[in-house]
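First residue of the sequence shown? That's 1 in UniProt numbering, and the numbers climb one at a time after it.
Written below as structure tokens is the structure these notes are about.
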Amino acid sequence: MYGMRGMQAMQGVHDMYGMQDRWQTQRQDYVPSTSKMSQQYKAPTRTYTVNRGDTIYNISRKYGTSMQSIIHANSLSNPNRIYPGQKLWIP
Numbered sequence: 001m002y003g004m005r006g007m008q009a010m011q012g013v014h015d016m017y018g019m020q021d022r023w024q025t026q027r028q029d030y031v032p033s034t035s036k037m038s039q040q041y042k043a044p045t046r047t048y049t050v051n052r053g054d055t056i057y058n059i060s061r062k063y064g065t066s067m068q069s070i071i072h073a074n075s076l077s078n079p080n081r082i083y084p085g086q087k088l089w090i091p
């Protein structure tokens, strides 16, 4: 409803008072940083060798991570089937 009319009215106010659109000039110089994007994803850095009687739940509690993150990091189709000697990535 207010779309372009609101923007045109604002432009009229800016022109009338000789104001600059600071946000527009600042945004033109803005280049997004990719460093924050790469910091958000943490690649698995530890491995755990499954022992007899281990469960994903117990392993996740031991390492302070979620079951879902272990399941996802290891692409486990059935998290109830892990075997002694199996190596798991711990995110």
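A virtual CB, placed ideally from N, CA and C, is assigned to each residue, including glycine.
Computed from a prediction, not measured in an experiment: that's the story for all the values here.
{"Asked": "Does residue 46 come out as helix, strand or coil in the three-state DSSP assignment?", "Found": "strand"}
{"Asked": "Using C-beta distances below 6 angstroms, list every residue in its chain close to residue 70, excluding the 5 sequence neighbours before and after it, in chain order.", "Found": "56, 60"}
{"Asked": "First and last residue of the alpha helix (DSSP H) that includes residue 56?", "Found": "56-63"}
{"Asked": "Just curious, the alpha helix (DSSP H) that residue 90 is in, first and last residue?", "Found": "No alpha helix (DSSP H) holds residue 90; the beta strand (DSSP E) holding it covers 87-90."}
{"Asked": "Give me, in chain order, the residues of the same chain whose beta-carbon lies closer than 8 angstroms to that of residue 53; leave out the 5 immediate sequence neighbours on both sides.", "Found": "none"}
{"Asked": "What did DSSP end up calling residue 69 once you bin it into helix, strand or coil?", "Found": "helix"}
{"Asked": "Apart from the five residues on each side of it in sequence, which residues of its chain come closer than 7 angstroms, Cβ to Cβ, to residue 50?", "Found": "82, 83, 84, 85, 86, 88"}
{"Asked": "Measure the alpha-carbon distance for residue 73 versus residue 91 and round it to whole angstroms.", "Found": "7 angstroms"}
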